[in-house]
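Novice:
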Amino acid sequence: TGFRSVQQTPIFASRHTGRHVFCAHVLRAYRSVRPVDFTAFVCVNTRRAPARRRGNMSSTRFPSRVRFFTLLVILLAIVRHAYAAADYYKTLGLTRSASDDQIKRAYRKLALKYHPDKNQGDEKAASQFAELGNAYGVLSDVEKRRVYDRHGEEGVKQHEQQSGGGGGGGFGGNDIFSQFFGGGFGGGFGGQQQEPETPKGDSLVMDLEVSIADLYLGKVLRVARDKNVIVPAKGKRKCNCKQRMVTKQIGPGMFQQYAKEECEECPNVKLQRESGTLQVEIDAGAPDGHELLFFEEGEPVVDGEPGDLRMRIKTSADATFTRIGDDLLMTKRITLVHALVGFDLDWKHFDGHVVKLKRDGVTIPGWVETVENEGMPKHNKHKQFGNLVVTYQVDFPKSLTDQTKAEVTKLFAGSF
Numbered sequence: 077t078g079f080r081s082v083q084q085t086p087i088f089a090s091r092h093t094g095r096h097v098f099c100a101h102v103l104r105a106y107r108s109v110r111p112v113d114f115t116a117f118v119c120v121n122t123r124r125a126p127a128r129r130r131g132n133m134s135s136t137r138f139p140s141r142v143r144f145f146t147l148l149v150i151l152l153a154i155v156r157h158a159y160a161a162a163d164y165y166k167t168l169g170l171t172r173s174a175s176d177d178q179i180k181r182a183y184r185k186l187a188l189k190y191h192p193d194k195n196q197g198d199e200k201a202a203s204q205f206a207e208l209g210n211a212y213g214v215l216s217d218v219e220k221r222r223v224y225d226r227h228g229e230e231g232v233k234q235h236e237q238q239s240g241g242g243g244g245g246g247f248g249g250n251d252i253f254s255q256f257f258g259g260g261f262g263g264g265f266g267g268q269q270q271e272p273e274t275p276k277g278d279s280l281v282m283d284l285e286v287s288i289a290d291l292y293l294g295k296v297l298r299v300a301r302d303k304n305v306i307v308p309a310k311g312k313r314k315c316n317c318k319q320r321m322v323t324k325q326i327g328p329g330m331f332q333q334y335a336k337e338e339c340e341e342c343p344n345v346k347l348q349r350e351s352g353t354l355q356v357e358i359d360a361g362a363p364d365g366h367e368l369l370f371f372e373e374g375e376p377v378v379d380g381e382p383g384d385l386r387m388r389i390k391t392s393a394d395a396t397f398t399r400i401g402d403d404l405l406m407t408k409r410i411t412l413v414h415a416l417v418g419f420d421l422d423w424k425h426f427d428g429h430v431v432k433l434k435r436d437g438v439t440i441p442g443w444v445e446t447v448e449n450e451g452m453p454k455h456n457k458h459k460q461f462g463n464l465v466v467t468y469q470v471d472f473p474k475s476l477t478d479q480t481k482a483e484v485t486k487l488f489a490g491s492f
């Protein structure tokens with residue numbers, strides 16, 4: 077069944093209706109794409125089965141159909157919940173192996189970008205800012221991150237409830253931002269001294285060509301790439317250099333002030349090309365130009381942070397289809413007979429379901445038919461699709477015999 081433990085508990089029984097209400101208490105949900113741990117109650121009203129008596133003993137049988145229905149409803153609830161749950165790593169543009177420093181840098185960069193003071197009146201930016209606060213509030217805490225990695229968002233909520241956190245998951249975006257930066261957005265973050273800006277490597281943008289079939293279905297691609305990485309080298313080098321103002325007395329009542337560079341000594345490093353792969357998750361219906369962020373996968377810089385990599389989706393050319401937004405355009409060739417008498421054709425879509433192309437009348441070359449809801453999935457819109465636009469072209473015979481010409485002439489005489 078995919079469940080570790082299921083308890084079926086009769087809640088009450090009515091003497092007049094002869095019914096029991098059973099609740100299935102899910103203690104541990106099936107773990108699918110990401111672990112999910114939550115408690116769900118599903119109650120089913122069933123007619124009570126006749127009791128068998130053995131002396132003073134009686135038993136109530138729980139019908140097999142009801143058990144099946146109960147487990148089915150629970151499973152659907154789990155799947156729905158798993159898809160609805162937030163992915164905190166994806167929110168910050170990170171992988172699950174991200175270090176604490178990467179989490180901190182990712183939040184800092186995105187929080188500054190989506191802060192409400194910089195995006196006044198933009199509800200989408202405000203929502204994104206709140207999601208960033210929730211994600212950072214969990215992933216920056218060692219215990220909460222451990223719970224999240226094992227049990228997901230619902231596990232964190234239960235952990236908060238058990239530890240007296242007041243319901244869990246309610247991290248305020250501004251509260252997290254204030255704790256991180258030490259104050260408000262303006263005035264140097266609450267008047268406190270800002271940290272010196274860390275050098276950052278160049279960010280890269282790459283076009284990723286994806287087939288229409290993969291964009292329709294959604295797919296996880298493994299993309300190979302070469303990049304520069306920083307590796308140890310022989311010797312020592314100066315690092316973390318800072319300018320310090322020095323005041324020197326050069327005579328009675330005379331002082332000279334100058335800047336002096338002070339550096340630390342660090343192990344030497346060098347840049348080296350290495351091959352690697354990136355796992356790219358293509359969402360169903362992702363539009364042209366949609367960008368996927370890979371945090372710190374850009375060019376590295378010594379004593380700084382690597383730049384970011386953005387992969388920009390580009391629909392690759394297809395022999396059958398042309399994509400315009402959420403619509404699919406295709407040319408369908410039919411015979412002359414089909415053009416004259418009509419046709420009833422089946423066409424198999426990318427996911428295997430059959431699309432009917434049917435016409436009873438005469439079809440002239442260039443006739444356009446729109447089949448609703450058979451185009452591309454609309455990105456991030458559940459079960460919504462564009463249209464399939466079919467342009468019909470007629471295949472004419474290359475030549476006719478004299479006898480065929482006479483028969484066609486006789487057949488169509490006076491028809492036009």
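Each residue of the sequence shown is one higher than the one before, counting from 77 in my numbering.
A virtual CB, placed ideally from N, CA and C, is assigned to each residue, including glycine.
#1: So G361 packs on D402, CB below 8 Å; how close in whole Å?
#2: Can you tell me whether DSSP reads G327 as helix, strand or coil?
#3: Suppose contacts are defined by Cβ-Cβ distances below 7 Å. Is P376 in contact with N316 by that definition?
#4: Looking at the unbroken alpha helix (DSSP H) that takes in E37, where does it start and where does it end?
#5: Per DSSP, which one or two residues make a beta bridge with Y468?
#6: Roughly how many angstroms lie between the CA atoms of L186 and L208, to the nearest whole one?
#7: Express the C-alpha separation of E338 and I326 in angstroms, rounding to a whole number.
#8: So, Q355 versus R298, is the Cβ gap smaller than 7 Å?
#9: Does the segment 174-185 come close enough to the segment 212-229 to have 3 or more Cβ pairs within less than 8 Å?
#10: Buried or exposed for T407, please, with buried defined as at least 16 other CB atoms from any protein chain shown within 10 angstroms of its CB.
#11: In angstroms with no decimal places, state the Cα-to-Cα distance between R320 and E340.
#12: Would you identify the three-state DSSP class for K474, choosing helix, strand or coil?
#13: Compare the C-alpha of L347 against each of V307, D225 and G380 and name the closest.
#14: Report the CB separation of E450 from L464 in whole angstroms; it is logged as a contact under 8 Å.
#15: If you follow the alpha helix (DSSP H) that I288 is part of, which residue opens it and which one closes it?
#16: Could you compute how far the alpha carbon of R386 sits from the alpha carbon of L284?
#17: What does DSSP give as the partner residues of P453 in its beta bridges?
#18: In the structure shown, what three-state DSSP assignment does I389 receive?
#19: Determine the direct distance from the alpha carbon of A289 to that of S173, and round the result to whole angstroms.
#20: By DSSP, does L168 sit in helix, in strand, or in coil?
#21: When the Cα of I358 is compared with those of P453, V431, A201 and R221, which residue comes out closest?
#22: List the endpoints of the continuous beta strand (DSSP E) containing K424.
#23: Within 10 angstroms of the Cβ of E373, are there 16 or more other Cβ atoms? Answer buried if so, exposed if not.
#24: If I follow the unbroken beta strand (DSSP E) through D400, where does it start and stop?
#25: Looking at the structure shown, is F370 part of a helix, part of a strand, or coil, going by DSSP?
#26: For P473, count the other beta carbons within 10 Å of its own beta carbon; 16 or more makes it buried, fewer makes it exposed. Which is it?
#27: With V438 as the anchor, note down where its beta strand (DSSP E) starts and where it stops.
#28: E207 lies in the alpha helix (DSSP H); which residues open and close that run?
#29: Let me confirm a value: F488 is counted as buried when at least 16 other C-beta atoms fall within 10 Å, else exposed. Which label applies?
#30: Quick check: the Cα distance between A494 and D379, rounded to an integer number of angstroms?
#31: Within its chain, find whatever has a CB closer than 6 Å to the CB of D394; leave out the 5 residues flanking it on each side and keep chain order.
#32: Mapping the DSSP letters down to three states, classify D163 as helix, strand or coil.
#33: State buried or exposed for R409, treating a residue as buried only when at least 16 other CB atoms are found within 10 Å of its CB.
#34: Looking at the structure shown, is D427 part of a helix, part of a strand, or coil, going by DSSP?
#35: Kindly indicate which three-state DSSP category Q178 falls into: helix, strand or coil?
Specialist: Taking the definition as stated:
#1: With a Cβ gap of about 7 Å, G361 and D402 count as contacting.
#2: If DSSP states are grouped into helix, strand and coil, G327 belongs with the strands.
#3: Contact check for P376 against N316 fails: the beta carbons are separated by 7 Å or more.
#4: Any question about residue 37 goes unanswered here, given that the chain covers just 77 to 492.
#5: Answer by DSSP bridge pairing, in chain order: K408.
#6: Linking L186 to L208 through their CA atoms gives a straight-line distance of about 8 Å.
#7: Roughly 22 Å between the two C-alpha positions.
#8: In this structure, Q355 lies near R298, with their beta-carbon atoms less than 7 Å apart.
#9: Yes, since at least three Cβ pairs between the segment 174-185 and the segment 212-229 fall closer than 8 Å, the two stretches touch.
#10: A residue is called buried once 16 or more other Cβ atoms fall within 10 Å of its Cβ, and T407, having fewer, is exposed.
#11: Linking R320 to E340 through their CA atoms gives a straight-line distance of about 13 Å.
#12: Note: K474 maps to coil in three-state DSSP.
#13: Comparing Cα-Cα distances from L347 to each of V307, D225 and G380, the minimum goes to V307.
#14: That belief holds up - the Cβ atoms of E450 and L464 are roughly 4 Å apart, short of 8 Å.
#15: I288 to L293 is the span of the alpha helix (DSSP H), which, as asked, contains I288.
#16: Taking the straight line joining both Cα atoms gives about 10 Å.
#17: Listed as beta-bridge partners of P453 by DSSP are F461.
#18: I389 carries a strand assignment under DSSP once its states are collapsed to helix, strand and coil.
#19: Approximately 30 Å, taken between the alpha carbons.
#20: Residue state, collapsed to three classes: coil.
#21: When each option's Cα is compared against that of I358, the closest is P453.
#22: Boundaries of the beta strand (DSSP E) harbouring K424: F419 to K424, taken from the DSSP string.
#23: Under a 10 Å Cβ-count criterion, E373 is classified as buried, with 16 or more other Cβ atoms of the shown protein chains found around its own Cβ.
#24: Position check: residue 400 holds Ile in this sequence, whereas Asp was assumed. Unbroken beta strand (DSSP E) run through I400: F397 to I400.
#25: In the structure shown, F370 sits in a strand (DSSP, three-state: E or B).
#26: Classification for P473: exposed.
#27: Bounds of any beta strand (DSSP E) do not take in V438, whose DSSP letter is neither H nor E.
#28: That run of the alpha helix (DSSP H) goes E199 to L215.
#29: Label assigned to F488: exposed.
#30: The requested residue 494 is not part of the displayed model; the chain covers only 77 to 492.
#31: Excluding positions up to five away in sequence, the list reads I288.
#32: Correct three-state label for D163: coil.
#33: Using a 10 angstroms sphere on the CB of R409, the tally of other CB atoms stays under 16, which defines it as exposed.
#34: DSSP places D427 in coil when its eight states are reduced to three.
#35: Residue state, collapsed to three classes: helix.
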